[in-house]
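Residues in the sequence shown are numbered consecutively from 1, following UniProt numbering. Each remark here refers to the structure printed beneath this line.
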Amino acid sequence: MIFLLLMVLLPVARPGLSGAGEDKSNEVRSLIEKSSLPRENKESLLRQAHSALQSGIPSDDITVIVKRGLARGWQGNALEESLAAAEKAKKQGLPYRPVLDRIQQGLSKGVPADRVSRATVLLTEKLSEADRIVTGLIGNGMKPEAPPEKTDAVQNVARALEREIPAETLIKMGAAQLKKNPSLSRFSNGISTMTSLIEMGMPIDHAAKLIGKAMERGYSSRDMIMLEKDMSLALQEGWKMEEATRMMDSSMDKGHDRSLHKGMDPGRAHGSGSGVHSTGHHGHR
Numbered sequence: 001m002i003f004l005l006l007m008v009l010l011p012v013a014r015p016g017l018s019g020a021g022e023d024k025s026n027e028v029r030s031l032i033e034k035s036s037l038p039r040e041n042k043e044s045l046l047r048q049a050h051s052a053l054q055s056g057i058p059s060d061d062i063t064v065i066v067k068r069g070l071a072r073g074w075q076g077n078a079l080e081e082s083l084a085a086a087e088k089a090k091k092q093g094l095p096y097r098p099v100l101d102r103i104q105q106g107l108s109k110g111v112p113a114d115r116v117s118r119a120t121v122l123l124t125e126k127l128s129e130a131d132r133i134v135t136g137l138i139g140n141g142m143k144p145e146a147p148p149e150k151t152d153a154v155q156n157v158a159r160a161l162e163r164e165i166p167a168e169t170l171i172k173m174g175a176a177q178l179k180k181n182p183s184l185s186r187f188s189n190g191i192s193t194m195t196s197l198i199e200m201g202m203p204i205d206h207a208a209k210l211i212g213k214a215m216e217r218g219y220s221s222r223d224m225i226m227l228e229k230d231m232s233l234a235l236q237e238g239w240k241m242e243e244a245t246r247m248m249d250s251s252m253d254k255g256h257d258r259s260l261h262k263g264m265d266p267g268r269a270h271g272s273g274s275g276v277h278s279t280g281h282h283g284h285r
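Here it is as structure tokens:
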């Protein structure tokens, strides 16, 4: 009975499925069939795997999640919930790659299934909220120069929301960017840099103020990335977060150019005889 159901839901050959995709479909079917899951769990998991595949989730990702999940001892319901979260994001038109990445990272690190499941559900919720924020900004005149820019912006805003940056703060910053330069990529990179500063230890209100000021002064996407790199280097060279933040803020007020280290006193760095500076290639996110 279970074998017949497996054949119906993930048949050996499906119209429109490439050779590689067909092989992966067969592999998923075989993995589930040979697993130690109870029969009803096998049937339910297979239905979810089939549904995810039909929604457009890549067969490679489904295979990896099922294979690693079973190897980690995940129960069928945990695998179903993870695949369902990715499928939900896909069906809602949200970026689903971050959801798949979160699942696979959890599996690679041996994170308990219930924690991975909660994290993916939360991420999907943040992506949905981020999509509403970005869509609203676009509706008010924010201009994406290429289709991928909206996806990038949604992912960056979702990341900010996960770091507990209030949605109201992000919306206000978007409105300020609209007045200065209605570029979605500039807004997106500004939010990404602000989140990175917070992850480095800068308080949310200080990061929002600093990046808000940078937006008002017309900082480009590259300028934002340079600011982030400057802060990272400052901390590596022994600066305290409060000192580096104060000096960067002062540099902006004094009208120094976008290379913020030029307004910072190298003598304040601890354990280093050099000032804060940017090195390497500054690419776009």
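Beta carbons are placed, not taken as given, at the ideal position from N, Cα and C, and that holds for glycine.
Inter-residue Cα distance where the pair is residue i and residue j
i           : j    : result
D249        : E216 : 13 Å
M247        : E149 : 32 Å
A86         : S25  : 17 Å
G280        : N189 : Note that G280 has pLDDT 36, beneath the 50 cutoff, so the model's placement of it is unreliable and the number below is only indicative. Between G280 and N189, the C-alpha separation is close to 18 Å.
residue 286 : L123 : Not covered by the structure: residue 286. The range shown for the chain is 1 to 285.
L45         : L31  : 11 Å
A146        : S36  : 47 Å
P98         : D61  : 12 Å
A89         : K254 : 45 Å
Q236        : E243 : 13 Å
G238        : L137 : 39 Å
S220        : P182 : 12 Å
I204        : R39  : 49 Å
V116        : L70  : 14 Å
V121        : M226 : 33 Å
G263        : V111 : Only weak support is given to the placement of G263: the predicted model assigns it a pLDDT of 46, under 50, and the value that follows is read from those uncertain coordinates. So the two alpha carbons sit approximately 44 Å from each other.
L233        : L53  : 44 Å
residue 363 : R47  : As shown, the chain starts at 1 and ends at 285. That puts residue 363 outside it, with no answer to give.
L260        : P144 : Confidence in L260 is poor, its pLDDT being 49 and thus under 50, which makes the residue's placement too unreliable to answer from.
T245        : M224 : 14 Å
V154        : G174 : 13 Å
N140        : N156 : 19 Å
Beta-carbon proximity of residue i to residue j, cut-off 9 Å
i    : j    : result
Q68  : Q92  : According to the sequence displayed, residue 68 carries Arg and not Gln. No.
E228 : L184 : no
K172 : G218 : no
R72  : A113 : yes
A158 : K209 : no
A207 : M252 : no
M202 : L178 : no
S59  : V28  : yes
E49  : V64  : A small fix is needed here, since residue 49 is Ala in this sequence, not Glu. Not a contact, by the Cβ cut-off of 9 Å.
K34  : G76  : no
T195 : R163 : yes
Where residue i falls: helix, strand or coil (DSSP)
i    : result
K240 : coil
S128 : helix
S35  : coil
K150 : helix
K109 : helix
K229 : helix
K254 : coil
S183 : strand
L260 : Confidence at L260 is low in this model, with a pLDDT of 49, below 50, so its placement is unreliable and the value that follows should be read with caution. Three-state DSSP puts L260 in a helix.
T135 : helix
G76  : helix
Top-ranked residue by Cα proximity to residue i, from the options
i    : options               : result
S55  : R29, R39, L94         : L94
G212 : A176, T195, M241      : A176
L161 : P112, N41, S192       : S192
R222 : V134, E27, A146, R186 : R186
S108 : W74, G238, E43        : W74
M200 : P182, S220, N77, M241 : M241
D152 : D205, R115, P38, Y96  : Y96
Contact between the stretch 164-183 and the stretch 122-138: three or more CB pairs below 8 Å? Short answer: they touch.
Spell out a yes or no on whether the stretch 100-114 and the stretch 70-83 are touching, meaning 3 or more CB-CB pairs, one atom from each, closer than 8 Å. Yes, since at least three Cβ pairs between the stretch 100-114 and the stretch 70-83 fall closer than 8 Å, the two stretches touch.
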